[in-house]
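Read top to bottom, the protein sequences are chains A and B.
Everything in the first sequence is counted per this note's numbering, starting at 1 for the first residue and increasing by one.
Everything in the second sequence is counted per this note's numbering, starting at 118 for the first residue and increasing by one.
Beta carbons: idealized from backbone N, C-alpha and C, even for Gly.
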Amino acid sequence: GNSVTQMEGPVTLSEEAFLTINCTYTATGYPSLFWYVQYPGEGLQLLLKATKADDKGSNKGFEATYRKETTSFHLEKGSVQVSDSAVYFCALSGTNAGGTSYGKLTFGQGTILTVHP
Amino acid sequence: DGGITQSPKYLFRKEGQNVTLSCEQNLNHDAMYWYRQDPGQGLRLIYYSQIVNDFQKGDIAEGYSVSREKKESFPLTVTSAQKNPTAFYLCASRPGTGYGELFFGEGSRLTVL
């Protein structure tokens, strides 16, 4: 079955530091990959996505590249801010060869990020 | 504005009581989902529905029930059979096309006293 593994947290950084959160996956078919962010007491928001190999998703200074050869989708940001403090989830949606989604997301465990001034 | 509305945001229940969490969406999405979130365990799928009047069990359906009588509504009932119901519950929806990304509500926190 499908699975997603994220790096263990929590991650604590100083403002303007470089961020990497590792994510690797196991999937059949042609998965689409996502990063979601969850701020305290709220639901999940889609941060970025990539739908095929070598695609780079980007949003709000965050980036992640879909690496099929290493089955990875690591999240990066060059300079984090205090407002980036949140929980980050990597997820995948299985699809068939025609690109049709199976309709369920498989989530990683989540990584807590805390950024200090 | 289109979106997903969950209510109530906070709910307290005594042991042995059933409770129903509401989820309404005005995004005209076909599929709807319920996830449970516990600290350190990520999100686990409870039930999902891809079409009105049809739904499937997810990974942890025991002790829960759902209905899908209308496209925009997917209520979740936490029954007294659920052994450890204290958790954060998230409802989500997905359009019929696209790459499978979900759109989430703000969540409901259930505490059993």
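Taking the alpha carbon of residue i as the reference point, which residue from the options has its own alpha carbon closest?
i: leucine 105 of chain A; options: B/Thr228, B/Arg185, B/Arg161; result: B/Arg161
i: arginine 153 of chain B; options: B/Leu219, B/Gly133, B/Asp176, B/Thr122; result: B/Asp176
i: alanine 17 of chain A; options: A/Pro40, A/Phe62, A/Gly41; result: A/Phe62
i: phenylalanine 129 of chain B; options: B/Phe205, B/Ile121, B/Leu219, B/Ala198; result: B/Phe205
Using a Cβ-Cβ distance under 9 Å, would residue i count as near chain B?
i: glutamine 81 of chain A; result: no
i: tyrosine 36 of chain A; result: yes
i: glutamate 42 of chain A; result: yes
i: leucine 105 of chain A; result: yes
i: phenylalanine 62 of chain A; result: no
In this structure, does DSSP put residue i in helix, strand or coil?
i: valine 169 of chain B; result: coil
i: serine 184 of chain B; result: coil
i: serine 197 of chain B; result: coil
i: valine 82 of chain A; result: helix
i: asparagine 143 of chain B; result: coil
i: glutamine 6 of chain A; result: strand
i: alanine 53 of chain A; result: coil
i: isoleucine 21 of chain A; result: strand
i: leucine 138 of chain B; result: strand
i: threonine 12 of chain A; result: strand
Do residue i and residue j have their CB atoms nearer than 9 Å?
i: glycine 157 of chain B; j: glycine 110 of chain A; result: yes
i: proline 125 of chain B; j: serine 210 of chain B; result: no
i: threonine 12 of chain A; j: leucine 92 of chain A; result: no
i: lysine 56 of chain A; j: threonine 65 of chain A; result: yes
Can you find a C-beta in chain E that's less than 9 Å from the C-beta of residue i?
i: leucine 193 of chain B; result: Any reference to chain E falls outside this structure, whose protein chains are A and B.
Measuring only between beta-carbons, confirm whether residue i sits less than 9 Å from chain A.
i: glutamate 141 of chain B; result: no
i: phenylalanine 221 of chain B; result: yes
i: alanine 204 of chain B; result: no
i: leucine 234 of chain B; result: A question about residue 234 of chain B goes unanswered here, because the residues of chain B that appear run from 118 up to 230.
- Give a yes or no on contact between the segment 137 to 147 of chain B and the segment 31 to 46 of chain A, applying the rule of three or more CB pairs nearer than 8 Å. The segment 137 to 147 of chain B and the segment 31 to 46 of chain A do not touch, with fewer than 3 CB-CB distances between them shorter than 8 Å.
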